[in-house]
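Residue numbers (my numbering): -19 to 135.
For glycine and all other residues, C-beta sits at the position ideal for the given N, C-alpha and C.
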């Protein structure tokens, strides 16, 4: 059963935190893969396809709604057969203050692994933590595709 637009957007918010957008920019390609709450065709599930061995950056837009969040961190896990294949932990803010404006953070470049045995689609999560305590987890899937294939987002 399909979720409504409001239900889909609610997956990316809590009472105190809202993830507005997540964009993956793959080196060598002009257009980023952007998921945001204002997308015309909001996907039921988030799915990114990225060529193997690519270097990419992740940019998030978020806001804190009510109370400050101390030691805000982002943790990304891509799993293969239940075992972490790729992880990434990024510091976001020492103390994120409540605001009406969305804050933008671009993380340092990272690399996608590759090889014939690693090509495929994997479950993944982006989780935000406050001082080591989980705030929200956003599931997505990542397809590692053959080098030369254009990156894409399923929408």
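- Here residue 33 is exposed, its C-beta having fewer than 16 other C-beta atoms within 10 Å.
- The stretch 12 to 29 and the stretch 64 to 73 do not touch, with fewer than three beta-carbon pairs separated by less than 8 Å.
- Using a 10 angstroms sphere on the CB of residue 47, the tally of other CB atoms stays under 16, which defines it as exposed.
- Per DSSP, the unbroken alpha helix (DSSP H) holding residue -14 starts and ends at -15 to -10.
- Judged by beta-carbon spacing, residue 120 lies within the 8 Å limit of residue 106, meaning their Cβ atoms are closer than that value.
- For the options 36, 9 and 82, the alpha carbon positioned closest to that of residue 44 is the one of 82.
- Within the same chain, and ignoring the five residues on either side of residue 123 in sequence, the residues whose Cβ sits closer than 6 Å to its Cβ are 29 and 101.
- Between the C-alpha atoms of residue 25 and residue 133 there is a straight-line separation of about 10 Å.
- If you check the CB distance, residue 59 and residue 111 do not come in under 8 Å.
- Within its own chain, the residues whose Cβ lies closer than 8 Å to the Cβ of residue 84, once the five positions on either side in sequence are excluded, are 39, 40 and 41, listed in chain order.
- Residue pairing from DSSP places residue 83 in a beta bridge opposite 42.
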